[in-house]
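Numbering (the working numbering), first residue to last: 219 to 613.
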Amino acid sequence: MTLVALLIALNGLFVAGEFSLLAVDPARVDAAAASGRRRARSVEALRRRLTFHLGGAQLGITVSSLLLGVVAEDTVGSLLSGIGGPLSSGSAGLGVAAIAVAAGAQMTLGELAPKNLAVSRPLSTAMTLAPVLRLYGVIVAPVVLAFNGIANLVVRALGLRPTEELRVVRTLEELEQVLRESRARTLDRESAQLLGRMLRLAGKVAADALTPRTSLHTLDADATVADLADAAAATGFSRYPVVGDDVDDVVGVVDVRDVLAAAGAADWSAADWSAAPLAPLVRPVLVVGEQLALDRVLAALAEDGSRLAVVVDEYGGTAGVITSEDVVEEVVGNLEDEHDARHTAAPRPRRAAAGGARTLSGKLTLDEASEILEEMAAAALAGPAASAAPPPADP
């Protein structure tokens with residue numbers, strides 16, 4: 219009976235090791251290793267050869283199960299034969315009962331209990347078993363490598379490419395799918411949108427966030443401070459690209475605060491305000507390509523000490539301008555201040571149309587349109603209570 223218990227325990231060890239290596243969070247392992255925990259470094263070493271050590275665990279499970287099947291009938295049968303009756307020695311029922319009892323013990327104590335333990339406490343389980351699993355891996359390495367090689371040949375014969383290590387890094391699409399599934403259960407809409415925008419930021423470029431050239435407010439190179447004051451009063455903006463011959467000839471950028479600082483330092487009179495040229499106050503402007511990633515755009519703005527950059531297309535023409543606020547809005551959504559409310563007439567993102575349809579603004583980005591469509595779909599699924607709300611009025 220001792221041998222049966224030992225085989226079940228070995229089976230449980232390999233099951234717990236296998237599931238703990240699969241379930242453990244790599245970030246928690248890294249943090250534990252960085253804090254100086256030696257066994258966490260052993261877990262890191264096991265995960266670096268995850269496929270090999272999983273194969274070793276499978277080998278241990280298979281061998282211990284086979285040996286248990288060999289010895290269980292006689293060992294367990296000798297215990298059950300004392301019951302007598304249909305389980306008397308030599309009866310057909312005794313063998314069946316012995317195998318059933320052994321299989322139940324194997325399934326409960328050697329499979330399910332270790333699996334549940336490893337899944338509920340993967341890090342502590344993995345660190346506890348790591349030294350044993352590493353030593354075992356050294357002992358059975360030739361056998362595991364041989365079986366892995368044979369398995370790879372079978373996979374190739376089926377026209378597939380074997381993968382030696384499990385891919386633990388999720389793609390952007392997989393992360394977005396996880397986010398969509400979580401949103402339906404645990405995340406509120408605002409948190410889900412914020413996380414979704416953060417994920418999508420990695421794939422965005424300057425062209426996705428710029429203000430297009432057709433919407434730019436520019437000043438001519440020979441403009442005066444009075445022209446700047448008129449533009450600021452009309453638009454509420456504080457920075458303006460300064461152009462030469464046309465919008466493709468951006469010579470710099472002027473900031474209202476620079477003008478105010480110069481006026482205060484020189485004690486300008488009303489006449490000075492109207493006649494002073496802007497040219498001495500124009501700063502050089504940062505230029506970026508429209509295919510530059512947004513994170514690099516933000517880094518370039520920070521390095522240059524600028525808040526605005528001109529975005530040029532592949533032909534060198536001006537595609538638009540981009541600010542640090544534009545990049546931030548790609549993550550947190552639209553940011554409005556008192557100038558936005560007073561001076562800008564942004565198009566309504568959606569409005570009611572005939573037949574219960576909705577009309578979306580042509581100036582929406584694909585991400586903004588996607589979020590609105592998801593909101594509309596969620597409202598439709600919410601039932602009569604949601605649909606009873608009156609639709610937004612036409613502007």
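Where is the CB? At the ideal position from N, CA and C, for every residue including glycine.
- Item | A452 versus L516: straight-line alpha-carbon distance, rounded | 28 Å
- Own chain partners of A449 with C-beta closer than 8 Å, once the 5 adjacent residues on each side are dropped: H435, L437, F455, Y458
- Query: Rounded C-beta distance between V261 and A348? I'm assuming under 8 Å.
  - Reply: 5 Å
- Straight-line Cα distance separating A420 from Q509: When rounded, the separation of the alpha-carbon atoms in Q509 and A420 is 13 Å.
- Message: If I measure Cβ to Cβ from T562 and keep anything under 6 Å in the same chain, skipping five residues before and after, which residues do I get?
- Response: With a pLDDT of 44 at T562, under the threshold of 50, the predicted position of this residue should be treated as unreliable, and no value is reported.
- Message: Can you list, in chain order, the residues of its chain with a C-beta nearer than 8 Å to that of A559? Leave out the 5 residues immediately preceding and following it.
- Response: Bear in mind that a pLDDT of 45 at A559, under 50, signals an unreliable position, so the model cannot answer this.
- Query: Do you know offhand how far P340's Cα is from P360's?
  - Reply: Distance from the CA of P340 to the CA of P360, rounded to the nearest whole angstrom, comes to 28 Å.
- Determine the closest residue to T432 out of G535, V356, V443, T381, with distance taken between C-alpha atoms. Taking each of G535, V356, V443, T381 in turn and checking the Cα distance to T432, the smallest one comes out for G535.
- Message: Counting beta carbon pairs with one atom in the region 364-379 and one in the region 252-268, are three or more of them shorter than 8 Å?
- Response: No, they do not touch.
- Item | Secondary structure of T343, DSSP reduced to three states | helix
- Message: I need the straight-line Cα distance from V528 to A249, nearest angstrom please.
- Response: 42 Å
- Taking the runs of the alpha helix (DSSP H) that are 4 residues or longer, which of them lie wholly in the region 436-492? 443-453, 474-484
- Message: Assuming V362 and G274 are in contact, meaning their beta carbons sit under 8 Å apart, how far apart are those beta carbons, in whole angstroms?
- Response: Going by Cβ atoms, the distance from V362 to G274 rounds to 5 Å, so yes, they are a contact pair.
- For L428 versus I279, is the C-beta spacing smaller than 8 Å? No, they are not a contact pair.
- Message: Which same chain residues end up closer than 6 Å to S238 when comparing Cβ atoms and leaving out the 5 residues on each side of it in sequence?
- Response: A336, P340, T343, A344
- Query: What three-state label does DSSP hand L526 in the structure shown?
  - Reply: strand
- Since A252 is in the alpha helix (DSSP H), which residue starts that stretch and which ends it? 244-252
- V222: first and last residue of the uninterrupted alpha helix (DSSP H) it sits in: 220-241
- Count the other CB atoms within 10 Å of the CB of G377; is the residue buried (16 or more) or exposed (fewer)? exposed
- Message: Measuring alpha carbon to alpha carbon, tell me which residue in L519, L512, D513, Y354 is nearest P670.
- Response: Nothing about residue 670 can be reported from this structure: the residues present for the chain run from 219 to 613 only.
- Task: Please list, in chain order, all residues of the same chain as G355 whose beta carbon is under 6 Å from its beta carbon, the five residues on each side excluded.
- Result: H271, G274
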